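One structure is given below, encoded as structure tokens.
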Amino acid sequence: MEKKPFLTLQQVQEITKTYPTPFHIYDEKAIRENARKVKEAFAWNPGYKEYFAVKATPTPRLIQILHEEGFGCDCSSLPELQLSDVCGVKEHDIMFSSNVTPAEDYKLASDLNTIINFDDITHLDFYDKVVGDWKETMSCRFNPGGDFVLNNSIMDTPQEAKYGMTREQLVEAFKYMKQKGVKHFGIHAFLASNTVANAYYPALARILFQLAVDVQKETGVHIAFINLSGGVGIPYRPSQEPNDIMAIGEGVHQAYDEVLVPAGMDDVAIYTEMGRFILGPYGALVAQCIHQKHTYKEYAGLDACAANLMRPAMYGAYHHITVLGKENALCDHTYDVTGGLCENNDKFAVDRNLPQIDIGDYVYIHDTGAHGFSMGYNYNAKLRSAELLLCEDGSVEMIRRAETPKDYFATFDFTGLFDNIK
Ligand SMILES: *Cc1c(COP(=O)(O)O)cnc(C)c1O
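Just so we're aligned, residue 1 is where the sequence shown starts under UniProt numbering, counting upward by one.
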């Protein structure tokens, strides 16, 4: 599928009069439309709720927009809990799916009356000691081990994943929690990441639904919800077909009717914790070419670097690139598109066929709306960029300012030393 920027060169030229590059920018209209489609896909399930994975894009304005569309938050750390709370997302609209969880995090998750999802059976005793406030509704994370196979190909390897409990541990955990007074139970699992395959959620759902039926029989507990977690992917490459969320919802519906309904479990709510699918395509990193280099290869050097978008450097991930204003130009040049970190993996693209890039050209890096800005870091004392919102009415709002050197120095306490730095 052709990948089109949601901004034109003219719009970017206008925006940069106020906000210099680089910046991440998000498309409010498309975010809301996608959110409504997600809800529609699962509308057959009265209890359905999406808990947006905050780690994907922990930006208050975006969390508020998603909350307005009826989404909750999936948190895994104390500051993520605080962030969701101040954004007005409260109590059971927060799912706390963490691992290697510190005591303070459990304490706050409990104080905020969130739905706590235990990653490991040993966490039950830990929680009992450090918090002890058992809730009516709680959850456990499942890991089936082995390989996760879909259409004869291995999608991921749960046996290598640190998350979740074995089946035996899950049963034991539910019995323990029942004794502590828990009344409504959830089962959660995340088996494969960035799946661009409509069959992923339905296959996962079938595994968890069967488990729920068996566990309910074995323990007599009430299974209130199944959380399919995240992992629904997006087409980073033009050659990929996007997921069809309606088909995904229908696939889960079918598994529900075939497995849960005959077992008399037709009151089970479906939860999801998507991050990438919710925001990924609706954010972009806009940067400017500031240098050109011709050595053994052709380099286009941007004013953004891996500190603004780590996925290419970290995973070799593909992000599509459009040179704004040259959308229809021939891709008859081959570039490494780089940032300025003193690290050779700081490349947004390697050997990418693109139109000729001139100094001053604006480069639009697609699909940075999830796991983009949020993975940023300060190596080489590079600073994080601003985040902007392209509002539904076409105006642009700054929803996070860019870092300044003062932010970078803020954790030092050399009183007076940095006073003259802007
Ligand atoms: C990261 C994460 C998600 C979101 O994953 P996506 O790939 O963005 O959909 C959901 N749940 C948990 C527990 C996670 O760690």
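Note that the Cβ used here is the ideal one computed from N, Cα and C, for glycine as well. The structure presented is a predicted model; accordingly, all values stated were derived computationally and were not measured.
Taking a cut-off of 8 Å for Cβ pairs, the stretch 289–307 and the stretch 207–216 do not touch, as fewer than three such pairs fall below it. By the neighbour-count criterion, in which a residue is buried when 16 or more other Cβ atoms sit within 10 angstroms of its Cβ, residue 293 is exposed. Looking at 14, 23, 39 and 34, the one whose alpha-carbon comes closest to that of residue 250 is 39.
Of the candidates 218, 307 and 69, the residue whose Cα lies closest to the Cα of residue 386 is 307. With a cut-off of 8 Å, the C-beta of residue 160 is classified as distant from ligand 1, since no heavy atom of the ligand falls inside that distance. Going by DSSP, residue 368 is part of no beta strand (DSSP E) at all; its letter is neither H nor E. Here residue 352 has 321, 334, 335, 336 and 337 as same chain residues with Cβ atoms under 8 Å from its own Cβ, once five neighbours each way along the sequence are excluded. Just so you know, the alpha carbons of residue 304 and residue 365 end up roughly 10 Å apart.
For residue 153, DSSP records a beta bridge to 150.
Inter-residue distance for residue 233 and residue 419 is about 46 Å (C-alpha atoms, whole angstroms).
When the beta-carbon positions are compared, residue 78 and residue 58 stay at least 9 Å from each other.
Shortest gap from the CB of residue 311 to any heavy atom of ligand 1: 8 Å or more. In this structure, the CA atom of residue 93 is about 28 Å from the CA atom of residue 401. Of the heavy atoms belonging to ligand 1, at least one sits nearer than 8 Å to the Cβ of residue 277. For residue 194, the CB falls within less than 8 Å of some heavy atom of ligand 1. Residue 383 and residue 396 do not touch by the CB rule: their CB atoms are close to 21 Å apart, not below 8 Å. Taking the C-beta atoms as reference points, residue 188 is found no nearer than 9 Å to residue 136. Within the chosen limit of 8 Å, ligand 1 reaches the beta carbon of residue 371 through at least one heavy atom. DSSP, reduced to helix, strand and coil, places residue 49 within a strand of the structure shown.
When distances are taken from the beta-carbon of residue 241 to the heavy atoms of ligand 1, even the shortest one reaches 8 Å or more.
Taking residue 259 as reference, the option from 212, 25 and 99 with the minimal CA-CA separation is 212.
Comparing alpha-carbon positions, the option among 417, 411, 373 and 361 lying closest to residue 12 turns out to be 361. At a Cβ-Cβ threshold of 9 Å, residue 198 and residue 248 count as neighbours.
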